[in-house]
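Number of protein chains: 2
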Amino acid sequence: MNNFSFYVPTKIWFGKGQISHLSELSESGSRVLLVYGGGSIKRLGIYSEAMTILKSAGLEVFELSGVEPNPRVEKAREGIALCRANGIDMLLAIGGGSVIDTAKSIAAGVCYDGDVWELIEDSSKIMAALPIYTVLTLSATGSEMNKNAVLSDLGRSVKASMSSDLLKPKMSICDPTYTFTVSRRQTAAGTADMISHTFENYFSPIRDSYLSSRFSEAILKTCIKYGPIALAEPDNYEARANLMWASTNAINGIAKVGAEVGWCCHPIEHELSAYYDVNHGEGLAIIIPRWMRHILSDATAWKFAEYGRNVWDLEGGDMEVAETAIARTEEFFYDVMGLPKTLGELDIGEDKIDLMAANAAPSLKKAFVPLDKSDVAAILRACL
Amino acid sequence: MNNFSFYVPTKIWFGKGQISHLSELSESGSRVLLVYGGGSIKRLGIYSEAMTILKSAGLEVFELSGVEPNPRVEKAREGIALCRANGIDMLLAIGGGSVIDTAKSIAAGVCYDGDVWELIEDSSKIMAALPIYTVLTLSATGSEMNKNAVLSDLGRSVKASMSSDLLKPKMSICDPTYTFTVSRRQTAAGTADMISHTFENYFSPIRDSYLSSRFSEAILKTCIKYGPIALAEPDNYEARANLMWASTNAINGIAKVGAEVGWCCHPIEHELSAYYDVNHGEGLAIIIPRWMRHILSDATAWKFAEYGRNVWDLEGGDMEVAETAIARTEEFFYDVMGLPKTLGELDIGEDKIDLMAANAAPSLKKAFVPLDKSDVAAILRACL
Chain A
5 MNNFSFYVPT KIWFGKGQIS HLSELSESGS RVLLVYGGGS IKRLGIYSEA
55 MTILKSAGLE VFELSGVEPN PRVEKAREGI ALCRANGIDM LLAIGGGSVI
105 DTAKSIAAGV CYDGDVWELI EDSSKIMAAL PIYTVLTLSA TGSEMNKNAV
155 LSDLGRSVKA SMSSDLLKPK MSICDPTYTF TVSRRQTAAG TADMISHTFE
205 NYFSPIRDSY LSSRFSEAIL KTCIKYGPIA LAEPDNYEAR ANLMWASTNA
255 INGIAKVGAE VGWCCHPIEH ELSAYYDVNH GEGLAIIIPR WMRHILSDAT
305 AWKFAEYGRN VWDLEGGDME VAETAIARTE EFFYDVMGLP KTLGELDIGE
355 DKIDLMAANA APSLKKAFVP LDKSDVAAIL RACL
Chain B
5 MNNFSFYVPT KIWFGKGQIS HLSELSESGS RVLLVYGGGS IKRLGIYSEA
55 MTILKSAGLE VFELSGVEPN PRVEKAREGI ALCRANGIDM LLAIGGGSVI
105 DTAKSIAAGV CYDGDVWELI EDSSKIMAAL PIYTVLTLSA TGSEMNKNAV
155 LSDLGRSVKA SMSSDLLKPK MSICDPTYTF TVSRRQTAAG TADMISHTFE
205 NYFSPIRDSY LSSRFSEAIL KTCIKYGPIA LAEPDNYEAR ANLMWASTNA
255 INGIAKVGAE VGWCCHPIEH ELSAYYDVNH GEGLAIIIPR WMRHILSDAT
305 AWKFAEYGRN VWDLEGGDME VAETAIARTE EFFYDVMGLP KTLGELDIGE
355 DKIDLMAANA APSLKKAFVP LDKSDVAAIL RACL
């Protein structure tokens, strides 16, 4: 088991009606920048409820709306300027990962002299950040309880992240009822995202981080059990609640400590998003099984077999169980959750594969099975 | 799933050599009260290593030693006086749960005008506490990452706890090598304690807190796998590390959220400790299987069956699996871990059973199966 640190100071308020705790924002000052996407939080009544609570707590609210999926650095720059012009004390993100990551980037960018993209290039430059609060409306990225913020500069076809303990939200409100209206497509994509977060460290060469592996399997089983229920019954509280809490725990550190390893599927998917603005979870669902087949060997079959036995209740020899487990994963993504199976379905062809492979490869050297440019190209070609 | 809050701001440094992070104490001031038990931290070299690090960080160290198991309120009072006399800025506990709980009580007591026992009687009186740091040397209570402190007033035969977010340590250093020298007896008792912490909320009427149940099973499997290895090979790092991390997670909230319920075995055991100064984990190991048999019924068999299937890999109908799971639990405690099986082995007889049952009963009303005085007496008689 590797040495590790574990530090998640975010206070979670989980469940129906927890939005009332927004009154606690007054502990961080009086001027809030509310960050959100489009009109859905208005249609759902979350916006007006939040406004009422914030105003009764004596807070003055400024707004930045229009955050898109694969959030753009330009929107973060706009928010930073707003904060500076209005003496903002804290950020409140109401939305999913894109909204939260935009708020995090603003929180750090306000406290930094240069351009916010420099913090992506070198996170050690993050020396301070405004307090960040979130109200989660989508179960997927886990940004509500972690230190990462992913931004895209689509003009330069780059999607990358900044990371700092200072970006961990001070408080996150996780009300599963806010996800009742999440579409089938986003429910499936979010489930693929949380499964991928779990896989990225579960498939690790560290064999003795037993508790983290069992925690990971607990999260995977939760996704596999409740993803289909949420598709069939969008307002099933049990399903939405378990998925929401699974998404948070998939990437707050609890399931990886002691076994941390370089990630593979996320860096590859970030290339797809950067060049084609692909839905993140859909991109992951296409890549994951091809990555699994690419790295499966006599040397790695033990871990796939552990996955197959403990998550899918399979029996048999390591390689047999490993292969069946990968087949079950495909079946789950494509047949059960209805996620896209090929890049062709997203109108993505052969032409940028070598370019994307070259971009992704440098960050894949410390993975469970280290990958080079030709490995990534082979995985992406298998996705066509 | 119940609404819940989850908040664990303690920074954990886990692994070999992490004691170097004691230098971070200088963030909280310059005057430290070091709290510890007997000579073992000196024999093991932890004391001198800690002193060297603290002094190079410019910290002035005062000492309170002699903390005993089932820590006494008198020792907390002594520490509070020491803090006031010396303008102490923070507490550093080096030891197991008794030492940490004493430090927590001191940290809260220093900031309170009345006697520290009043904080046990009413934790809402805890309005402030000095920062608490810990170096863990025993895997058991989980006090290194939770809000509880248990104290005993043996003169009045009372063992009880105070609880506050303010008592959550700021930082805890968890180095599994510090537990290599823990005796067979304490290793077994500590394992029973963490299993009991997990059981207390796992056996809950809340059926839909799926992820918390799976997390609980992950912890239980870790205890069952590594407890015996730690007995057979006391310096097995993998075993000691997994047990240490399991003990922390058994009671930091991660395994219970959404399914919280009133505890049973701990309140009953606290009576044994209060009247007979029993080893806490040993007392629990005696009580747990009798409590299980007492509450097993057609109405509760589903949860015992879940335990049997997911932790012990049993197959069959609910009641059959439930009964076998309880038998396996007994076998594990008594045959595998060598824990005492009866109160008789601890020279405890019939005479105070009704008194202890009357004391414990009031706190057992909100349990999975609520217990009254006659239930507790029956459970304790079955332990004879």
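Here the protein sequences line up with chains A and B, keeping their order. Whatever position you read off the first sequence (first residue = 1), add 4 for the numbering used here. Whatever position you read off the second sequence (first residue = 1), add 4 for the numbering used here. All C-beta atoms in this analysis are idealised placements derived from N, C-alpha and C, irrespective of residue type, glycine included.
Contact with chain B by residue i, beta-carbon distance below 9 angstroms
| i | result |
| --- | --- |
| T346 of chain A | no |
| T14 of chain A | yes |
| W121 of chain A | no |
| I272 of chain A | no |
| L215 of chain A | yes |
| Y311 of chain A | no |
| A144 of chain A | no |
| N150 of chain A | no |
| I258 of chain A | yes |
| Y11 of chain A | yes |
| A196 of chain A | no |
| K225 of chain A | yes |
| D212 of chain A | yes |
Residues of its chain near residue i, where Cβ-Cβ distance is below 8 angstroms and the 5 sequence neighbours each way are ignored
| i | result |
| --- | --- |
| G62 of chain B | S30, S34 |
| L26 of chain A | A54, I57, L58, A61, L96, Y137, V139, I177 |
| C387 of chain B | I290, I291, R294, T346, L347 |
| P209 of chain A | V265, F372 |
Beta carbon of residue i nearer than 9 angstroms to that of residue j
| i | j | result |
| --- | --- | --- |
| F8 of chain A | G262 of chain A | yes |
| C115 of chain B | I130 of chain B | yes |
| L48 of chain B | Y241 of chain B | no |
| G113 of chain B | G83 of chain B | yes |
| L368 of chain A | L375 of chain A | yes |
| N74 of chain A | S24 of chain A | no |
| G41 of chain B | S127 of chain B | no |
| P180 of chain B | L224 of chain B | no |
| G342 of chain A | R188 of chain A | yes |
| F10 of chain B | W249 of chain B | no |
| V12 of chain B | G257 of chain B | yes |
| A254 of chain B | T202 of chain B | yes |
| A326 of chain B | Y338 of chain B | no |
| Y280 of chain B | I352 of chain B | yes |
| V39 of chain A | T106 of chain A | yes |
| I16 of chain B | E148 of chain B | yes |
Sequence-distant residues of the same chain with beta carbon closer than 6 angstroms to residue i, five excluded per side
| i | result |
| --- | --- |
| A243 of chain A | Y230, I233, A234 |
| N152 of chain A | S165, S167 |
| M5 of chain A | D212, S213, G262 |
| I199 of chain B | C227 |
| I45 of chain A | Y51, I98 |
| A364 of chain B | P271, I272, E275, V380 |
| K377 of chain B | A361, A362, A365 |
| P238 of chain B | F184 |
| G150 of chain A | The sequence given here places Asn at residue 150 of chain A; Gly does not occur at that position. Taken in chain order, the residues that qualify are I255, N256. |
Whole-number beta carbon distance between residue j and residue i, since they are thought to touch under 8 angstroms
| i | j | result |
| --- | --- | --- |
| A361 of chain B | V380 of chain B | 4 angstroms |
| G146 of chain B | T252 of chain B | 5 angstroms |
| I110 of chain B | L37 of chain B | 7 angstroms |
| A193 of chain A | E72 of chain A | Not quite, the Cβ-Cβ distance comes to about 15 angstroms (not below 8 angstroms), so this is no contact. |
| K260 of chain B | N205 of chain B | 4 angstroms |
| A222 of chain A | A222 of chain B | 6 angstroms |
Cutoff 7 angstroms; reference residue i; Cβ partners in own chain excluding five residues on either side
| i | result |
| --- | --- |
| A306 of chain B | Residue identity differs from the one stated: residue 306 of chain B is Trp in this sequence, not Ala. Excluding positions up to five away in sequence, the list reads D322. |
| K370 of chain B | V265, G266 |
| L288 of chain B | A196, D197, S200, C269, E273 |
| V282 of chain A | L276, L350 |
| F207 of chain A | K307, F372 |
| E28 of chain A | M175 |
| D119 of chain A | none |
CB contact below 9 angstroms: residue i versus chain A
| i | result |
| --- | --- |
| N6 of chain B | yes |
| Y206 of chain B | no |
| N253 of chain B | yes |
| E221 of chain B | yes |
| V261 of chain B | yes |
| G19 of chain B | yes |
Touch test, the segment 208-219 of chain B against the segment 270-282 of chain B, Cβ-Cβ under 8 angstroms, three pairs minimum: no
Touch test, the segment 132-149 of chain B against the segment 93-100 of chain B, Cβ-Cβ under 8 angstroms, three pairs minimum: Counting Cβ pairs under 8 angstroms, three or more are found: they touch.
Validate contact between the segment 287-301 of chain B and the segment 326-346 of chain B using beta carbons, cut 8 angstroms, 3 pairs: yes
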